[in-house]
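If you read the sequence shown in my numbering, its first letter stands for residue 33, the second for the next number, and so on. Ideal Cβ placement from N, Cα and C applies to all residues, glycine included.
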Amino acid sequence: MDMAALIVVIGVAFFFTYTNGFHDSANAIATSVSTRALTPRAALAMAAVMNLAGAFLGSGVAKTVSEGIIETPTGSRGMAILFSALVGAIAWNLVTWYFGLPSSSSHALFGGMVGAALAGGIGVVWHGVVDKIIVPMIVSPVVGLVGGFLVMLAILWIFRRANPHRAKRNFRVAQTASAAAMALAHGLQDAQKTMGIVVMALTISGHHSGTGIPIWVKISCAAMLSLGTYAGGWRIMRTLGRKIIELDPPQGFAAEATASAVMYVTSFVYAAPISTTHVITSAIMGVGATKRVRAVRWGVAKNIVMGWFITMPAAAIVAAAVFGITDLLVL
């Protein structure tokens with residue numbers, strides 16, 4: 033096995049993780065920044081540290097990515113498939129970041145894997161794609177939407193007699209904790225996805241066997257996600273923090289608490305790689321709907337949801353095209 037191919041794939045995987053970090057940094061901190069609970073740089077620094085910590089909390093999601101989506105490819109063709117999948121995901125990340133669209137880096141990666149596998153003649157584990165990707169992709173935003181609505185209703189009822197100014201001040205402090213929980217959950221979910229790809233590359237090259245994740249892989253993926261998060265994704269942050277609804281501190285806390293709870297349950301109980309973008313965006317919509325349904329800018333929300341549905345096919349098409357070019361020029 034050509035060592036150069038392994039180095040290239042791992043390098044591209046690290047770059048994908050970096051783009052994942054700055055693309056998804058808004059997921060953890062947009063609400064806290066928009067409500068002025070945290071300054072932008074303080075929020076990014078906190079999110080970067082919590083991303084780093086979250087990456088070491090489990091390995092179930094990484095196992096799902098490395099074993100449950102496509103059959104493990106072999107040889108130089110296998111490396112070309114992983115390379116193409118990553119390029120497809122990176123391309124979609126950069127396009128959606130440019131337009132400020134909070135799409136899913138996770139589903140871009142999964143779409144890239146499926147597209148590259150089909151182009152490369154490798155089997156797709158369709159039951160794994162349906163059970164671990166498609167079903168959670170549909171269910172998690174619904175849970176986020178309903179959960180955000182119910183949590184916000186509970187907050188409104190519990191604090192119905194509280195002084196509004198004092199309550200907002202206290203919730204602004206509480207948002208520091210909820211934003212940290214969200215960033216920790218993001219590290220738990222998204223760093224593991226790249227770990228799964230790197231483990232596949234090492235397995236193909238004969239440098240790894242078994243189901244464990246080498247510690248250097250964990251540290252490297254966590255560090256790249258953390259660096260990307262600190263770089264910040266300001267375009268998407270404006271969309272999440274302002275364009276869907278103008279959030280106040282109690283609403284921001286409710287959205288972050290709901291989204292992080294959904295992510296912890298799916299990570300530890302189901303080992304399902306869900307989208308942090310889908311969950312936090314839907315939670316924001318649910319929280320905003322308690323104010324009044326028209327308070328949510330549903331036109332913006334519609335564009336976001338449409339982006340969710342085209343993410344996997346778009347990344348798959350790019351990945352398949354990249355594999356075709358790679359196959360023609362290299363293989």
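Query, Result
"Exposed unless 16 or more other CB atoms sit within 10 angstroms - verdict on Thr71", "exposed"
"Contact belief for Ala348 with Gly120 at Cβ below 8 Å, rounded distance in angstroms", "7 Å"
"Where Lys334 falls, given that 16 or more other Cβ within 10 Å makes a residue buried", "exposed"
"Same chain only: Cβ atoms within 8 Å of Arg204, ignoring 5 sequence neighbours per side", "Thr67, Arg68, Ala69, Pro281"
"Whole-angstrom C-beta distance between Ser64 and Gly284, which should lie under 8 Å", "6 Å"
"Simplified DSSP assignment, three categories, for Val156", "strand"
"Exposure label - Phe181; buried when at least 16 CB within 10 Å", "buried"
"Span of the alpha helix (DSSP H) around Ser258", "247-263"
"Neighbourhood of Ala346 by C-beta distance below 6 Å, restricted to the same chain and skipping five residues each side", "Trp124"
"Nearest-angstrom beta carbon gap, Ile102 and Val146 [assumed within contact, 8 Å]", "7 Å"
"Residues bridged to Ile102 [DSSP beta-bridge criterion]", "Val156"
"Asn195: first and last residue of the uninterrupted alpha helix (DSSP H) it sits in", "No alpha helix (DSSP H) contains Asn195, which DSSP labels as neither H nor E."
"8 Å Cβ cutoff met for Val171 and Leu118", "no"
"Backbone CA spacing between Asp34 and Thr313 [nearest angstrom]", "42 Å"
"Extent of the continuous alpha helix (DSSP H) to which Arg68 belongs", "Run containing Arg68: none; DSSP gives neither H nor E here."
"Integer-rounded CB distance, given that Gln224 should sit under 8 Å from Ala94", "4 Å"
"Neighbourhood of Met184 by C-beta distance below 6 Å, restricted to the same chain and skipping five residues each side", "Ala286, Val319, Thr322"
"Whole-Å CB distance - Ser98 paired with Phe355, under 8 Å assumed", "Going by Cβ atoms, the distance from Ser98 to Phe355 rounds to 19 Å, so no, they are not a contact pair."
"DSSP three-state assignment for Ala303, whether helix, strand or coil", "coil"
"Residue interval of the alpha helix (DSSP H) (run including His240)", "From DSSP, His240 is part of no alpha helix (DSSP H); its letter is neither H nor E."
"Ile165: first and last residue of the uninterrupted alpha helix (DSSP H) it sits in", "No alpha helix (DSSP H) holds Ile165; DSSP gives it neither H nor E."
"Ala289, enclosing alpha helix (DSSP H) - first and last residue", "281-297"
"Alpha carbon of Gly107 to alpha carbon of Val175, nearest angstrom", "41 Å"
"Cβ contact check for the region 197-216 and the region 77-85: 3 or more pairs under 8 Å", "yes"
"Burial state of Ile187 (16 or more Cβ within 10 Å)", "buried"
"Nearest candidate by alpha-carbon position, reference Ser237, set Asp56, Thr104, Gly90, Ile190", "Thr104"
"Beta-carbon spacing of Met169, Ser307 below 8 Å", "yes"
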